[in-house]
Amino acid sequence: MDVTVVIPAYNAERFLGDCLRSVLTQTVGRVLVLDNASQDGTRGVAESFGVEVRAQPKPGLAPTLNLGYEAVSDEWIASCDADDLWLPEKLELQLRRLEQDPSLDMIFCGIEQFGGATSVPISYSPHRGTMLLRRSAYEKVGPFDTSLRVGEFLDWYSRAQAAGLRQAILPEVLYRRRIHDDNMGLRERDTSKEYLRMLKAHLDRKRAKAPDTR
Numbered sequence: 082m083d084v085t086v087v088i089p090a091y092n093a094e095r096f097l098g099d100c101l102r103s104v105l106t107q108t109v110g111r112v113l114v115l116d117n118a119s120q121d122g123t124r125g126v127a128e129s130f131g132v133e134v135r136a137q138p139k140p141g142l143a144p145t146l147n148l149g150y151e152a153v154s155d156e157w158i159a160s161c162d163a164d165d166l167w168l169p170e171k172l173e174l175q176l177r178r179l180e181q182d183p184s185l186d187m188i189f190c191g192i193e194q195f196g197g198a199t200s201v202p203i204s205y206s207p208h209r210g211t212m213l214l215r216r217s218a219y220e221k222v223g224p225f226d227t228s229l230r231v232g233e234f235l236d237w238y239s240r241a242q243a244a245g246l247r248q249a250i251l252p253e254v255l256y257r258r259r260i261h262d263d264n265m266g267l268r269e270r271d272t273s274k275e276y277l278r279m280l281k282a283h284l285d286r287k288r289a290k291a292p293d294t295r
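Here it is in structure tokens:
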């Protein structure tokens, strides 16, 4: 199975090398780093690994992800944030599960958070970085919502559920999410209105699918 790994990066010079090493040790076909107008040496680090780099001058994670996902021609899309790590066999175990059940549209795994004193050690909630996604499934659901500063994956995942995508979650912990002061989710604190808007949209989709019992 052919897999493209999309890595969005913004001022990721400190961590990108570790991220790329963790990805390139696995059976990936193509690695695409999307440099979101970084002001440090992010691009140089990526180029030193010989991977494909594209500039994304438009600010924000959602536009960057859309640019990367829409540039994929392989059957499968994976992602890893530039400050995070794949653990060994992450992709291999996911591909093995897909061989067992080819009807799956997306597959996740456990995630370990590190680097933060109050972080939750292990989670099995769906996370974009753990997801291996069928490209045709992404096209069915549509792009990430560029009006959102945060929570773009939660919104997309809600739409994926509404669209009936089939998923599985591996029991293994195969992804490490780094917690640090520059995390987008930690920088964007005044986002309650956006989360409420996502929740309303999710509830509206559920109501639209519910049978009319009147």
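All residue numbers in the sequence shown are consecutive under the numbering used here, ending with 295.
Glycine included, each C-beta is placed from N, C-alpha and C at the ideal position.
On a CA-only basis, which of the options is nearest residue i? Give me that one, please.
i, options, result
"L148", "G232, L214, W237, I88", "I88"
"D251", "E133, L176, G232", "Checking the sequence, you will find Leu at residue 251 rather than Asp. Among E133, L176, G232, the Cα nearest to that of L251 belongs to L176."
"L246", "V86, D186, F225, L97", "D186"
"V109", "Q181, V132, I203", "V132"
"P140", "S217, T227, T123, S204", "T227"
"A241", "V254, E253, K221", "K221"
"Y219", "Y256, W157, P183, E170", "W157"
Taking residue i as part of the alpha helix (DSSP H), name the residues at either end of that continuous run.
i, result
"Y238", "233 to 243"
"Q137", "Q137 -> no alpha helix (DSSP H), and no H or E assigned at all."
"V37", "With the chain covering only 82 through 295, there is no way to say anything about residue 37."
"Q181", "171 to 181"
Using a Cβ-Cβ cutoff of less than 6 Å, which residues in the same chain neighbour residue i once the five nearest sequence positions on both sides are dropped?
i, result
"Q107", "L172"
"H261", "G196"
"L101", "F130"
"R258", "D165, I192, Q194"
From what residue to what residue does the beta strand (DSSP E) around residue i run?
i, result
"C190", "187 to 195"
"T85", "84 to 90"
"Y219", "First-last for Y219: 216 to 222, but that is the alpha helix (DSSP H), not the beta strand (DSSP E)."
State yes or no: is the C-beta of residue i within less than 9 Å of the C-beta of residue j?
i, j, result
"R209", "F234", "yes"
"C161", "S103", "yes"
"S119", "Y150", "no"
"L179", "M82", "yes"
Can you say whether residue i is buried or exposed, counting buried as having 16 or more other CB atoms within 10 angstroms of its CB?
i, result
"A136", "exposed"
Tell me which residues share the same chain as residue i and place their Cβ nearer than 7 Å to its Cβ, disregarding the 5 neighbours each side in the sequence.
i, result
"P224", "N147"
"F96", "A163, D164, R259"
"T123", "A90, N92, A93, E94, L97, D116"
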